[in-house]
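Undergrad:
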Amino acid sequence: MITTHSIRKTRLSAPIGILIISAIGYVTGIASAVSAPYPLLSRAYCDLAQSDCTASNGESEMTASLSPHPIPVLDAVTVSVSTKGLSADALHVRVTGVEEDMGVIESRLLPVGSGVYQGTFHLSVCTRRMMSWKMIVAPKNSNETYLAEFQFTTLGQRPYVILE
């Protein structure tokens with residue numbers, strides 16, 4: 078038998094349920110915003126093809142370098158990152174093309190000294206005369222949530238020989 082009491086209870090349950098779900102979503106959103114990576118920013122443009130570059134937030138910093146120069150395509154590129162004010166078991170590097178989709182190139186940098194990490198990656202071939210790349214560096218297996226973004230350019234190096 079349905080009573081007016083059970084109808085009122087049902088009518089109140091839906092708004093209370095929506096309110097609870099909304100509150101959980103709000104709290105979860107705040108939690109994910111708090112745990113989101115905090116980027117380390119460099120104010121001036123710096124090209125890793127020209128020199129070492131540093132990203133800093135005032136408390137922590139990452140200085141990256143690439144070799145050899147000029148930066149080759151299809152051959153190993155060595156990336157070294159020194160850190161201050163943060164620690165990690167390893168660093169994760171993600172390289173992507175800026176003007177063209179060149180895929181995602183990932184590498185893991187392992188510690189080679191106190192606060193110094195090193196690894197290699199291989200760049201894809203691009204038909205452009207000059208190609209801009211973006212490299213994101215992030216601590217791996219650590220409580221740190223910092224990111225550093227670096228840029229570099231490569232000049233069109235033809236990895237092939239034209240046969241006549």
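Under the working numbering, think of the first position of the sequence shown as 78, with each following residue one higher.
For glycine and all other residues, C-beta sits at the position ideal for the given N, C-alpha and C.
#1: Near A126, what residues of its chain come up, given a Cβ to Cβ distance below 8 Å and the 5 sequence neighbours on each side ignored?
#2: The beta strand (DSSP E) with I213 in it runs from where to where?
#3: Which residues in the same chain as V175 place their Cβ atom closer than 6 Å to its Cβ, once the five residues preceding and following it in sequence are excluded?
#4: Can you have a look at T204 and say buried or exposed, based on whether 16 or more other CB atoms are within 10 angstroms of its CB?
#5: Which residue or residues does DSSP assign as beta-bridge partners of M139?
#6: What does DSSP give as the partner residues of H146 in its beta bridges?
#7: Taking the beta carbon of Y103 as the centre, do at least 16 other beta carbons fall within 10 Å, making it buried, or is it exposed?
#8: On the three-state DSSP scale, how would you describe S184?
TA: Once the coordinates are examined:
#1: Correct list, in chain order: L143, H146, P147, I148, F229, T230 and T231.
#2: Per DSSP, I213 belongs to the beta strand (DSSP E) from M207 to K217.
#3: Cβ contact annotation for V175 (same chain, cutoff 6 Å, sequence separation greater than five): S209 and K211, in chain order.
#4: A residue is called buried once 16 or more other Cβ atoms fall within 10 Å of its Cβ, and T204, having fewer, is exposed.
#5: Answer is A132 and T160.
#6: DSSP lists no partner for H146.
#7: Low per-residue confidence applies at Y103: pLDDT is 36, beneath 50, and the placement is therefore not dependable enough to give any value.
#8: DSSP places S184 in strand when its eight states are reduced to three.
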